[in-house]
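Numbering-wise (numbering that gives the first Met the number 0), the sequence shown opens with residue 0 and increments by one. What follows is one structure encoded as structure tokens, with my remarks underneath.
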Amino acid sequence: MKPVRAAATLATVALLYGGALVIAADDAVYGGPPALPPGQSPPLPKPGPLAAPRPAQQAGLPAALMASVIPPTSPLTPAAVALGQKLFFEPRLSGDGTVACASCHDPARAFTDGRPQSIGIGGKVGQRNAPTVLNAMFNKTQFWDGRVNTLEQQAALPITNAFEMGAANLAAAVAKIAGDADYQVLFRQAYGRDVNERDMLRAIATYERTLASFDAPFDRFIAGDKSAVSDSAKRGWELFNTKARCNLCHALSKTERDTTLFTDNKFHNIGIGVIHHRVVPLAEQAEHELAQGHLNGIDQAAIESEMSVLGRFLITHRDDDVASFKTPGLRNVLLTAPYFHDGSQATLWDVADHYNHGDGVNDPWLSDRMQPLAMTEPELDDLVAFLASLTSAPYKEQGEREYARQLALSKVSRPQRDTRRAFGPKPVQPPRPKF
Ligand code: HEC
Ligand code: HEC
């Protein structure tokens with residue numbers, strides 16, 4: 000079947016995605032945010048109720064795992080968490096005082112920005128889609144390419160990245176708040192010391208470690224409440240672990256069903272974006288320009304340059320890692336549209352269509368786990384219903400509206416739908432070029 004291309008499509012997409020459905024209240028935003036005038040930083044959200052630390056008791060929350068990811072040297076003390084939350088919303092950490100972490104990780108949007116690629120200081124558009132910070136504490140590595148391991152290391156990079164917060168260096172960011180009497184008190188209360196760089200990063204990470212987000216209908220279903228999710232979501236969960244092959248990557252174990260985070264913490268090339276780029280010259284450029292381990296250079300390449308498409312290769316320089324990206328966890332995924340590292344897909348139906356046709360006709364580095372799935376339209380709907388059942392309780396209403404928005408959009412636009420390929424044989428993979 001051909002993708003639907005009605006004349007009305009663009010207008011409808013603009014209506015659905017261009018902000019027409021955005022509700023004014025802080026905790027009720029859906030769809031993409033309104034476009035920004037050129038040169039302007041994104042608006043800074045206020046810390047509403049959805050910014051608050053999450054309860055320690057939640058259906059589905061893996062208590063032992065949670066305890067294991069909190070470093071004994073950085074306990075979740077109320078003082079450190081309060082400091083970290085304030086810093087997360089602090090635009091003074093940026094070069095021109097306009098951008099904070101929350102500018103791209105808005106609690107009302109499940110800590111994402113709803114844009115395909117994030118916009119930072121002075122309206123600069125980066126190459127990548129903002130992942131959620133919810134449950135980021137459980138990531139074995141941070142960023143789509145896993146270029147750092149800890150949340151502390153992660154927090155340092157956007158502050159100085161020229162497309163994100165654009166501070167000259169971390170010392171300059173610290174200097175902006177060091178004279179502030181509130182911060183002096185908060186740093187003393189949290190760590191018994193004056194304002195300093197290390198504790199600043201530590202406090203931000205500590206706040207992020209309060210953002211465990213479980214308690215979804217799926218968790219109540221797994222706990223035994225058979226009516227917590229729809230029959231369609233139940234069928235989707237079965238498909239996820241069988242015919243749809245999602246569990247090959249979105250599960251920690253090969254043998255047991257993963258009900259926790261839905262990631263293997265590994266990197267795979269699933270065919271996103273790669274065919275639009277001249278990969279070989281980019282890989283050669285990366286090998287020349289990016290010394291392995293030079294973190295700021297890699298960060299710059301990932302956010303600011305076309306080399307971004309190389310993914311994990313930027314860090315390892317391994318042929319196998321070309322255009323490989325981290326398998327993201329799937330909790331709250333309904334709320335984190337648009338999808339993939341480049342924000343290239345608008346809805347979960349587009350994501351499902353992508354997997355269904357298997358992609359990779361032109362991608363020599365495609366994971367051998369990718370293949371056409373021969374899923375029918377009702378099966379694709381079931382898969383989406385399952386993904387929607389991973390929405391945490393505080394976002395229930397957003398989830399319902401976002402589901403309706405994506406469903407409406409999917410009725411007029413399915414650009415990835417390619418039924419012939421989905422039911423066809425696995426294409427022969429082209430040979431890998433040498434570089
Ligand atoms: C201009 C938008 C922007 C700002 C400001 C920003 N981020 Fe991000 N954030 C992103 C994007 C885009 C990525 C993915 C980049 C990549 O993978 O290369 C990201 C990735 C992350 C991740 C990794 C999540 C994962 O699943 O791998 C965390 C955690 C995070 N940001 C927290 C923060 C914190 C803390 C701050 C403030 C110190 C911050 N961000 C500032 C856009 C932003
Ligand atoms: C070969 C491993 C692999 C398989 C199989 C796989 N995924 Fe993924 N998934 C990934 C990787 C890697 C990404 C990130 C890719 C990128 O952005 O370039 C991803 C991204 C996603 C995203 C986007 C998340 C976001 O925050 O943007 C969704 C949703 C998703 N997968 C769902 C599924 C479903 C549903 C299936 C089964 C039909 C599936 N995946 C099968 C590895 C896999």
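Cβ coordinates follow ideal geometry from the N, Cα and C atoms, glycine included.
| query | result |
| --- | --- |
| Cα-Cα separation between residue 362 and residue 267, rounded to whole angstroms | 12 Å |
| beta-carbon residue 100 near ligand 1 non-hydrogen atom, thresh 7 Å | yes |
| Any non-hydrogen atom of ligand 2 closer than 7 Å to residue 142 Cβ | no |
| Cβ neighbours of residue 229 in the same chain (closer than 8 Å, five flanking residues each side left out) | 384 and 388 |
| Cα-Cα separation, residue 36 to residue 127 | 20 Å |
| Integer Cβ distance of residue 344 from residue 415, believed to fall under 8 Å | 7 Å |
| Residue from 409, 355, 84 and 366 with nearest C-alpha to residue 210 | 84 |
| Option in 141, 321, 173 and 298 with minimal Cα separation from residue 200 | 173 |
| Burial state of residue 366, where buried means 16 or more other Cβ atoms lie within 10 Å | buried |
| Beta-carbon contacts of residue 146 that lie in its chain and below 6 Å, excluding the five residues immediately before and after | 297 and 314 |
| Validate contact between the segment 367-374 and the segment 180-190 using beta carbons, cut 8 Å, 3 pairs | no |
| Contact test: residue 130 Cβ vs ligand 2 heavy atom, cutoff 7 Å | yes |
| Own chain partners of residue 359 with C-beta closer than 6 Å, once the 5 adjacent residues on each side are dropped | 270, 365 and 369 |
| Any non-hydrogen atom of ligand 2 closer than 7 Å to residue 245 Cβ | yes |
| Whole-angstrom distance between residue 63 and residue 69, CA atom to CA atom | 10 Å |
| Residue 212 Cβ short of 7 Å to ligand 2 heavy atom set | no |
| Heavy atom of ligand 2 within 7 Å of residue 271 beta-carbon | yes |
| Beta carbon of residue 50 nearer than 8 Å to that of residue 130 | no |
| Inside the segment 246-318 only - alpha helix (DSSP H) runs reaching at least 4 residues | 278-288, 294-303 and 312-315 |
| Exposed unless 16 or more other CB atoms sit within 10 angstroms - verdict on residue 108 | buried |
| Other residues of its chain near residue 331: CB distance less than 7 Å, five sequence neighbours each side excluded | 109, 131, 133, 212, 389, 390, 391 and 394 |
| Per-residue burial, residue 53 [other beta carbons within 10 Å of its own, 16 or more giving buried] | buried |
| Extent of the continuous alpha helix (DSSP H) run through residue 236 | 230-240 |
| Terminal residues of the alpha helix (DSSP H) in which residue 175 lies | 169-177 |
| Heavy atom of ligand 2 within 7 Å of residue 327 beta-carbon | yes |
| Other residues of its chain near residue 378: CB distance less than 7 Å, five sequence neighbours each side excluded | 238 |
| CA-to-CA distance, residue 252 to residue 157, given in whole angstroms | 32 Å |
| Residue environment, residue 38, which counts as buried when at least 16 other CB atoms sit within 10 Å | exposed |
| Touching by the beta-carbon criterion (3+ pairs, under 8 Å), the segment 244-262 and the segment 393-412 | no |
| Ligand 1 heavy atom lying under 7 Å from the CB of residue 399 | no |
| For residue 216, the first and last residue of its enclosing alpha helix (DSSP H) | 216-221 |
| Uninterrupted alpha helix (DSSP H) stretches inside the segment 75-100 (no shorter than 4 residues) | 77-87 |
| Closest Cα partner of residue 224 within the set 325, 42, 59 and 47 | 59 |
| N-terminal and C-terminal residue of the alpha helix (DSSP H) that residue 354 is part of | 347-356 |
| heavy atom of ligand 1 below 7 Å from residue 94 C-beta | no |
| Cβ separation of residue 316 and residue 288, assumed to be a contact under 8 Å, to the nearest whole Å | The Cβ separation is near 11 Å, so there is no contact. |
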